[in-house]
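K.L.:
Sharing a structure with you now.
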Amino acid sequence: MTQDEIEAMVARYPELIAGAEAAKGMGWYPSGGEVYKFDYMPTVEAVDKFRDYIFGGIGFEPADYGLTSQEFRPQYYGNKRPNIDAERLKNYLDVFNASIKKYYNEIITEHPSRLEDWIELVRESYDFGGQVLSATIRRHLLVTLIPSIRFARRAIIIEEMLRQYDVPMPRTIAEIGGGHGRVVRDLLTLMPLETVFYIDLPLNMILAARFLGHFHPGRVHLVWSEADEPKEGHINIVAPWLIDRIDTPIDLLINYLSFQHMSIDALNYYSDRLIRPRVQVIYHENRDRPREEFDLGAADYPFRDAFETLLSRSTGLTVGAQGQSLGVILAELLVRKNAA
Ligand SMILES: C[S@@+](CC[C@H](N)C(=O)[O-])C[C@H]1O[C@@H](n2cnc3c(N)ncnc32)[C@H](O)[C@@H]1O
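Quick look at the structure:
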C-alpha cells in the first residue's frame, strides 16, 4: 500500500466515524469497553506503523508491547509504545521465547507436516513497526514478534480441520471482529480464496486495510459508505452498518474472541443480517460463558439452531487481568443444517 493510499484512507476516516454515529442505533454498536475506539483519530504515521502504537482490541496484548495491563488501559489508547528498555527486556524476552516454544511444540505435535507453512506465517518484517526480534526456528533465521507467533497456528488449524471434517475448501470467507487482519492474511497465504469480507469497528478497519493492502496491492476495497458496493474477487473492508450490501453466499465465517464481547443486540444483528441468510460454515473460538451482564456464552448464540455442531472442544482456560478464571475458550465448527 502506497503512502498516498494510506493518506487517502486517513482523509476518509472522519466520514467513516460520521457513518458509524449515524448508524449506531441499528444494533451492531459495541456495548462494552470498545466505545473509546470511536474518539481516536488516527494519523498517517499511526496507520502506517500501527504496531508502534498502543491499540487494544486489534489482536495485541499488553505483553506484546512489553507493557503491563495497567499501561494498556483505554486512556493510553493510540499512544506511541515505549521502547523496550533493559527493565522490560527480560520479561519481554521470556514471553517471546516461551511463545516460540509453546506454539512450535504445538505445531510439530499436532500438524507436523505443516511446519514449513507455520514458519512462513510466523516470519515478519519491520514494515508495520512493532517489537520485532530475530529468532532461529529449525535453521531458518527470521524476524518475528509475539502476536505473529501466537496467530500463525490459526489458519493452519482451519485448513486442517476443514479437511478432517470433509468440509469443502472455501472460496468466499467473512470474518467478523477481524482485528488487524492477521488471520485473513494468513488464510489468503494458504488458500486460493476469491472474495473476502472483513468486518470490524472503524479503527480496526483502517488498520486491516493498511495491513492487507501491503500483501495484496490493488485488491483491498473499502465499503465505508452507502456509495461503496462490495466487489467480487476483492478483500472488502466492510463497515458493520453496511453488511446488507453483501449479497453473495459465504462459504466460511470466522470469529476469534469477538462474539464473546458482543451484546445480544449485536449478535442478533450479525445473525439476522449476515449469518442466517448467507453463511454455510462457521468456525469460532470464544468463551463458553458470559463475562459481563450484556454478553453471552457460546451456547446461547442466536444463530445456533440453524447450524449443526461438528466440533466443540476447549482450547484452554481463559484468565482475567487479576488472574481470575473466566471459563474456557471453545473452538467450534458449525455447519448449516440444510447444507446440501
Ligand atoms: C478481543 S478483540 C479480538 C481481535 C482478533 N479477532 C483476535 O483474535 O485477536 C475483539 C474484536 O472484536 C471487534 N468487535 C467488538 N465489537 C464489535 C462489533 N459490535 N462489531 C464488529 N466488531 C466488533 C473488536 O473491534 C476487535 O477487533
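In numbering that gives the first Met the number 0, the protein residues as written are 0 to 339.
Note that the Cβ used here is the ideal one computed from N, Cα and C, for glycine as well.
Please read these numbers as outputs of a predicted model, since none were measured by experiment.
According to DSSP, which residues form a beta bridge with D294?
P.N.:
As a position in the sequence shown, residue 294 is number 295, starting the count at 1. For D294, which the question treats as bridged, DSSP gives the partners S262.
K.L.:
Any idea if V278 is buried or exposed, counting beta-carbon neighbours within 10 angstroms, 16 or more meaning buried?
P.N.:
Within the sequence shown, the letter at position 279 stands for residue 278. Result: buried.
K.L.:
Ligand 1 and G56: does any heavy atom of the ligand fall closer than 6 Å to the residue's C-beta?
P.N.:
Counted from its first residue, the sequence shown places residue 56 at position 57. Within the cutoff, so yes.
K.L.:
Please name the residue in D294, F302, D47 and R122 whose C-alpha comes closest to that of Y358.
P.N.:
This structure cannot speak to residue 358, because the chain is shown only from 0 to 339.
K.L.:
Would you mind listing the beta strand (DSSP E) stretches within the region 215-291 that are 3+ residues and don't spill past its ends, in chain order?
P.N.:
219-222, 234-237, 249-255 and 278-286
K.L.:
Closest to E44 by CA distance: which of L325, A298 and L206 is it?
P.N.:
Indexing the sequence shown from 1 puts residue 44 at position 45. Of the candidates L325, A298 and L206, the one whose C-alpha sits nearest the C-alpha of E44 is L206.
K.L.:
Counting only the same chain and skipping the five closest in sequence on each side, list residues whose C-beta sits under 7 Å from that of D126.
P.N.:
Translated into positions along the sequence shown, residue 126 becomes position 127. Closer than 7 Å at Cβ, skipping near neighbours: H213.
K.L.:
Compute the Euclidean distance between the alpha carbons of A154 and E307, then round it to the nearest angstrom.
P.N.:
As a working note, residue 154 is residue 155 in the sequence shown. As a working note, residue 307 is residue 308 in the sequence shown. Going by the C-alpha atoms only, they are around 22 Å apart.
K.L.:
Spatial neighbours of I107 within its chain, please: C-beta separation below 8 Å, excluding the five flanking residues on both sides.
P.N.:
Taking the sequence shown and counting its residues from 1, one reaches residue 107 at position 108. For I107, where only same-chain residues beyond five positions count, the Cβ hits under 8 Å are L114.
K.L.:
For V131, which residues of its own chain have a beta-carbon under 6 Å away from its beta-carbon, when the five flanking residues on both sides are left out?
P.N.:
The residue labelled residue 131 in the question sits at position 132 within the sequence shown. Within the same chain, V131 has close Cβ partners E123, Y125, V142 and L144.
K.L.:
Can you tell me where the beta strand (DSSP E) holding G326 begins and where it ends?
P.N.:
Here residue 326 corresponds to residue number 327 of the sequence shown, with the count starting at 1. Start and end: S324 to R335.
K.L.:
Closest to N285 by CA distance: which of S313, E70, S262 and D264 is it?
P.N.:
Working through the sequence shown from its first residue, we reach residue 285 at position 286. The shortest C-alpha separation from N285 is found at S313.
K.L.:
Quick check: is any heavy atom of ligand 1 less than 6 Å from the C-beta of W240?
P.N.:
Taking the sequence shown and counting its residues from 1, the one referred to as residue 240 is at position 241. No - ligand 1 has no heavy atom lying nearer than 6 Å to the Cβ of W240.
K.L.:
Residues in its own chain within less than 7 Å of G26 by CB, not counting five upstream and five downstream?
P.N.:
As a working mapping, residue 26 is identified with position 27 in the sequence shown. Here the set comprises D264, A265, N267 and Y268.
K.L.:
Have a look at K336 and L273 and give me their C-alpha separation to the nearest angstrom.
P.N.:
Reading the sequence shown from its first residue, position 337 is the one you call residue 336. Reading the sequence shown from its first residue, position 274 is the one you call residue 273. C-alpha separation (whole angstroms): 16 Å.
K.L.:
Who does S133 pair with in a DSSP beta bridge?
P.N.:
Counting from 1 along the sequence shown, the entry for residue 133 is found at position 134. Looking at the DSSP assignment, S133 forms a beta bridge with V142.
K.L.:
Nearest by alpha-carbon distance to F133: which of V318, F49, T171 and L92 is it?
P.N.:
The residue labelled residue 133 in the question sits at position 134 within the sequence shown. Note that residue 133 is Ser in the sequence shown here, rather than Phe. Of the candidates V318, F49, T171 and L92, the one whose C-alpha sits nearest the C-alpha of S133 is L92.
K.L.:
Apply the 10 Å Cβ neighbour rule to L200 and answer buried if 16 or more other Cβ atoms are within range, or exposed otherwise.
P.N.:
Indexing the sequence shown from 1 puts residue 200 at position 201. With 16 or more other Cβ atoms within 10 Å, it is buried.
K.L.:
Residue range of the alpha helix (DSSP H) that V166 falls in?
P.N.:
By one-based count along the sequence shown, residue 166 stands at place 167. Neither: V166 is in no alpha helix (DSSP H) and is coded neither H nor E.
K.L.:
Is T108 helix, strand or coil when you go by DSSP?
P.N.:
Along the sequence shown, read from residue 1 onward, the residue named residue 108 stands at position 109. Three-state DSSP puts T108 in a helix.
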